[in-house]
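Protein sequence lines, in the order shown, are assigned to chains G and A. The numbering used here applies: residue 1 is where the first sequence begins, and numbers increase by one. The numbering used here applies: residue 1 is where the second sequence begins, and numbers increase by one. Notes to accompany the following structure.
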Amino acid sequence: MGQKNSGRWANFPIFGMTVFLVFCLLFESFLELPPLVGWLGHWHPLVLHFPIVLLLLVCIMGLLGKKVSTLLLTVTTLSALLTAITGFFLGSKALPKGNLLLWHQWLGAAVALLAVIWYWLRQNRLDKRPFASIIQVILIVLVGITGHYGGMVTHGEDFLALPIGNEGDKIPEDPFIYGHVVVPILENKCVSCHNPNKRKGELLMTDLDQLLIGGGTGPAIVANVPEKSLLLQRVHLPVDDEEHMPPDGKEPLTEEEIAILERWIALGASDTLRLTHLKADEPLSTLIKKQLMPQDGNEYRSFPKMADSVLLRLGTDYLTLQRISANSNALAVAVFLPPQYDPSILEGLREVALNIVSLDLSGLPLGPQEMEIVSLCRNLERLELDRTLVNDAGFKGLQGLTKLKLLKAYDTDLTDASMAVLQQMEGLQQLYVWDTQISGAALSQLKDRLPALQINTGIDPGIKESFIQGDTVSLEGTKN
Amino acid sequence: MENDKNDSKDPLKVNRRHFFSQLSVGIGSLALGSLLIPDLFKTGTPALEGQPLGIPHFAPKAKRVIYLFQSGAPSQLESFDYKPTLLKRMGEDLPESVRNGQRLTGMTAGQSKFPLMPSASQFKQYGKSGAWVSDYFPHIAKIADDICIVRSMHTEAINHDPAITFFQTGSQQSGRPSLGSWMSYGLGNENQNLPSFVVLTSRGQGNSQGLYSKLWSSGFLDSKHQGVLLRSGKDSVLYLNDPEGVSRSDKRHLLDQVAALNKMHHVETGDDEIESRIAQYEMAYRMQMSVPDVMDIKKEPESIIKLYGEDSQVPGTYAANCLQARRLAENGVRFIQLYHQGWDQHGNLPNEMAGQAKDVDKASAALVLDLKQRGMLDDTLVIWGGEFGRTNYCQGNFDPKNYGRDHHPRAFSIWMAGGGIKPGISYGETDEFGYNIVKDPVHINDFHATIMHNMGLDHEQLTYKYQGRRFRLTDVAGNVVKDILS
């Protein structure tokens with residue numbers, strides 16, 4: 001009897017809210033909602049969790065053959081309707097609605113209406129097995145999808161995406177300041193609220209034109225005038241200020257990020273500006289270079305693990321192995337000339353060859369045995385072979401060192417025969433080859449092939465000459 | 001790696017103070033243990049303090065430092081801080097509004113007037129950056145685009161000893177470890193056959209102030225971190241060769257026996273300095289082999305000798321020390337400290353300064369160029385500078401051809417190159433009188449923090465506990481000067 005009564009009193013609000021919801025959905029474009037209604041929309045995030053849990057609960061109970069009490073179903077249906085209606089109110093503040101929001105709205109409405117249908121079937125004792133089960137399965141699926149769309153609206157489209165490796169979004173050597181630096185900052189910190197689906201404060205931060213147009217309180221960015229740009233004003237407010245952005249609970253911008261935005265705006269907020277366009281003393285250039293630097297450790301995370309005991313065992317008086325920084329598995333190795341040189345001095349390095357990123361062999365009488373070990377160090381980024389006995393034959397073995405960024409080979413017997421190997425080193429940035437047999441023609445050919453490569457051929461002859469010519473320092477002017 | 005002395009578990013090493021502090025910790029933790037775990041919920045970066053020594057905290061820009069210390073304080077007004085106003089207002093009294101109560105040394109405090117004195121040397125702009133450099137430094141002018149001139153250094157000290165001690169140890173009172181010792185403590189040796197901190201001295205004709213070994217002392221750090229002074233004469237290290245009739249293996253045998261005895265004594269007393277001494281004997285043994293080779297500049301080609309100047313062949317000159325510094329850097333010495341004495345121009349400044357500049361100008365510039373062609377400038381931080389600046393007013397008789405300048409701590413210039421420092425910029429500004437800093441001041445603590453940063457060390461995390469508290473090179477101050485980082 002109690003169940004029947006509760007069913008009856010609930011009929012009226014359920015019926016009323018269903019009609020209201022359908023009306024809202026059908027005549028959305030003709031509606032002008034009063035501010036109080038907008039405020040009601042703020043309750044959506046609060047109530048939406050109830051129907052999710054309740055619906056899943058009753059559906060699973062139903063599917064398992066347990067009896068779902070009418071009271072529980074009533075509460076569930078009411079909460080679903082309330083959530084759908086408050087959701088509609090909240091959504092109406094973000095016009096025009098983006099795709100995600102529209103999907104969320106219609107799916108949410110479908111969930112609520114389906115719950116109402118189940119409730120109606122129950123009231124008329126029609127919720128027998130096949131019908132009820134179909135409804136329950138559809139409800140479970142719909143709740144999942146609707147919830148996911150809601151999540152995407154709130155937290156950004158890829159909030160559930162698996163973390164992607166850093167290789168995926170590599171920033172080029174000479175990035176666009178806007179496209180490669182500013183946009184990622186905004187995407188990380190701002191766009192989850194200021195996107196076509198949410199448009200908080202009527203502000204879209206997904207493209208530059210929209211930033212210049214701004215939102216309800218004015219343009220977010222005024223080119224050349226950082227102090228007038230609302231974006232920066234809000235960011236600079238004290239954290240406990242109501243207007244501070246990003247709002248309480250969201251991750252604030254770092255000092256560097258703020259500085260980058262500030263300088264970029266001061267320089268005209270252009271989307272064609274590149275790093276190389278900046279003057280040497282422009283602070284933005286330092287900031288961006290820092291931003292581009294790979295986060296220490298990330299880069300070398302895939303390296304084989306290596307215990308401190310290994311380093312202690314392999315190190316000798318003449319061979320120093322050091323981690324490049326604390327906790328890193330990347331190694332810097334330096335070898336110094338011992339009084340009695342033995343070509344097997346590098347043998348121990350075989351074990352850690354893949355961990356070595358920097359290898360300093362300057363001044364050693366290197367022969368084929370040593371060069372073979374060098375060729376095993378495939379992760380090498382820095383190799384110092386200056387003042388060694390390395391020759392073209394030994395140099396051939398370096399073909400596989402594709403990660404090499406810096407190579408010192410000055411004061412060696414290398415000739416043009418080694419150019420073929422150098423030409424394959426596409427990542428090479430700095431090359432020191434003065435005092436070798438390599439011809440100028442071969443070097444200019446290399447420069448054509450690798451335009452980013454800096455080739456050091458010694459001190460500028462003009463400057464060197466002026467130092468040597470102007471040597472008038474008298475020997476008598478010194479004493480101990 | 002190295003062990004912190006304070007972590008020793010040797011029961012013999014408990015003194016009265018230690019005993020009571022342990023006791024109070026024990027009782028206190030019974031009562032409050034569960035409440036006093038301040039770091040329990042702390043997230044974020046793990047403390048670097050607890051990490052092993054000998055490894056940088058983060059990937060460093062610079063692996064080593066060559067510090068060309070110009071002892072006596074070269075005048076910024078005749079080198080890198082161009083002040084045309086001093087010429088316009090030559091002879092006028094320094095306005096009190098500018099001096100603003102700055103204390104003076106006993107040498108000029110009695111002067112009734114402080115007449116402004118312009119530079120005797122001409123200034124021109126050099127390089128793409130248009131850096132102002134005086135005619136005394138024609139070669140440094142040629143590398144203007146490779147260096148960063150900081151014109152806004154300041155210190156609190158006004159006399160040589162506290163000022164140079166401040167620069168070297170981060171404190172005006174002596175007793176703290178030297179900058180090079182801190183680097184050795186934090187980063188360890190790169191080459192086990194040479195000390196990680198080496199000192200070379202030279203002296204010009206100008207008025208000199210003393211240099212004392214306390215400037216490169218390791219203070220409370222383990223004595224193996226102290227700077228090793230290489231002599232400026234024919235033998236850079238005395239008695240390097242074994243006496244006649246003593247073979248290398250005899251020497252080895254001797255050292256092993258002495259070490260065994262020392263270790264026994266160590267077990268008895270627990271004095272860590274014994275271990276340091278054993279390590280130093282071993283280092284000396286290895287240096288017997290390594291030093292002659294490293295210090296032999298005869299191996300340098302003639303073009304390099306000429307680049308540094310003919311002087312570089314004369315042992316004990318600044319030029320020879322610069323060339324030596326490059327060779328030491330190539331051989332894995334972390335911190336190479338040069339001192340060139342004779343920059344204290346209280347009188348006869350134009351003549352003396354020209355002479356001093358001639359001593360150092362070419363060799364300093366050659367060092368930077370030489371490091372650059374060897375690809376070493378990227379990971380070697382070169383620093384050139386003195387302990388304070390000099391006054392913009394004349395000390396003694398007012399004679400534009402033969403004047404002097406007193407000590408001035410409020411603003412002076414140094415330059416740095418390579419090792420993660422942005423090249424081709426001038427940083428900081430002084431007012432038109434060259435007296436006060438008006439833009440981007442850099443304190444000695446900031447300077448130290450920046451050097452440590454470029455060496456991969458967090459100046460707030462590299463500490464040593466001594467006499468009941470943790471010490472840092474920068475003690476309780478210092479900010480990394482981010483604007484000059486490349």
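A virtual CB, placed ideally from N, CA and C, is assigned to each residue, including glycine. None of these values were measured; they are calculated from a predicted model.
| Asked | Found |
| --- | --- |
| 7 Å Cβ cutoff met for residue 236 of chain A and residue 226 of chain A | no |
| Alpha carbon of residue 467 of chain G to alpha carbon of residue 363 of chain G, nearest angstrom | 26 Å |
| Inter-residue spacing [alpha-carbon to alpha-carbon] between residue 293 of chain A and residue 470 of chain A | 40 Å |
| Interface flag, residue 329 of chain A vs chain G, CB-CB below 7 Å | no |
| Local Cβ density within 10 Å of residue 269 of chain A, reported as buried at 16 or more and exposed below that | exposed |
| Within chain G, partners of residue 190 of chain A - CB distance below 7 Å | 320 and 334 |
| Three-state secondary structure assigned by DSSP to residue 157 of chain G | coil |
| Contact set between the stretch 397-425 of chain A and chain G, restricted to residues whose Cβ is under 9 Å from the partner | 422, 423, 424 and 425 |
| Identity of the residue in G/255, G/210 and G/84 nearest residue 150 of chain G by Cα | G/84 |
| Straight-line Cα distance separating residue 397 of chain G from residue 385 of chain G | 13 Å |
| Contact list for the stretch 418-442 of chain G against chain A, Cβ threshold 7 Å | 430, 432 and 434 |
| C-beta contact flag for residue 325 of chain G and residue 59 of chain A at 7 Å | yes |
| Close-in-space but distant-in-sequence residues of the same chain around residue 146 of chain G (CB under 7 Å, 5 per side omitted) | 104, 107, 108 and 111 |
| Best match in G/80, G/259, G/210 and G/208 for proximity to residue 233 of chain G [C-alpha to C-alpha] | G/259 |
| Chain-ordered chain G contacts of residue 366 of chain A [CB-CB under 8 Å] | 467 |
| Three-state secondary structure assigned by DSSP to residue 476 of chain A | coil |
| Any chain A beta carbon closer than 7 Å to residue 459 of chain G | yes |
| In chain order, each beta strand (DSSP E) run of at least 3 residues that lies wholly inside the stretch 130-186 of chain A | 131-134 and 147-154 |
| Cβ-based contacts, 7 Å cut-off: residues of the stretch 266-295 of chain G near chain A | 280, 281, 283 and 286 |
| Per-residue burial, residue 74 of chain A [other beta carbons within 10 Å of its own, 16 or more giving buried] | buried |
| CB-CB length for residue 335 of chain G against residue 356 of chain G, believed under 8 Å | Going by Cβ atoms, the distance from residue 335 of chain G to residue 356 of chain G rounds to 11 Å, so no, they are not a contact pair. |
| Cut-off 6 Å between Cβ atoms - residues of its own chain near residue 240 of chain G, not counting five sequence neighbours on either side | none |
| Any C-beta of chain A under 7 Å from that of residue 339 of chain G | yes |
| Exposed unless 16 or more other CB atoms sit within 10 angstroms - verdict on residue 191 of chain A | buried |
| For residue 278 of chain A, the three-state DSSP class (helix, strand or coil) | helix |
| Chain A residues whose Cβ lies nearer than 9 Å to that of residue 410 of chain G | 373, 374 and 375 |
| Reduced DSSP secondary structure (H/G/I, E/B, other) of residue 39 of chain A | Note that residue 39 of chain A has pLDDT 42, beneath the 50 cutoff, so the model's placement of it is unreliable and the number below is only indicative. Residue state, collapsed to three classes: coil. |
| Contact set between residue 455 of chain A and chain G, taken where Cβ atoms lie within less than 9 Å | Per Cβ cutoff of 9 Å: no residues; residue 455 of chain A is ~11 Å from chain G at best. |
| Proximal chain A residues relative to residue 362 of chain G, where beta-carbon distance stays under 8 Å | 330 |
| Beta-carbon gap between residue 449 of chain A and residue 154 of chain A smaller than 7 Å | no |
| Helix, strand or coil at residue 273 of chain A [DSSP, three-state] | helix |
| Residues sharing a beta bridge with residue 335 of chain A, DSSP | A/65 and A/197 |
| Coarse secondary structure for residue 92 of chain A, derived from DSSP in three states | coil |
| Any chain A beta carbon closer than 7 Å to residue 463 of chain G | yes |
| Residue 314 of chain G versus residue 349 of chain G: straight-line alpha-carbon distance, rounded | 7 Å |
| CB contact below 7 Å: residue 487 of chain A versus chain G | Residue 487 of chain A lies beyond the range of chain A shown here (1 to 486); nothing can be said about it. |
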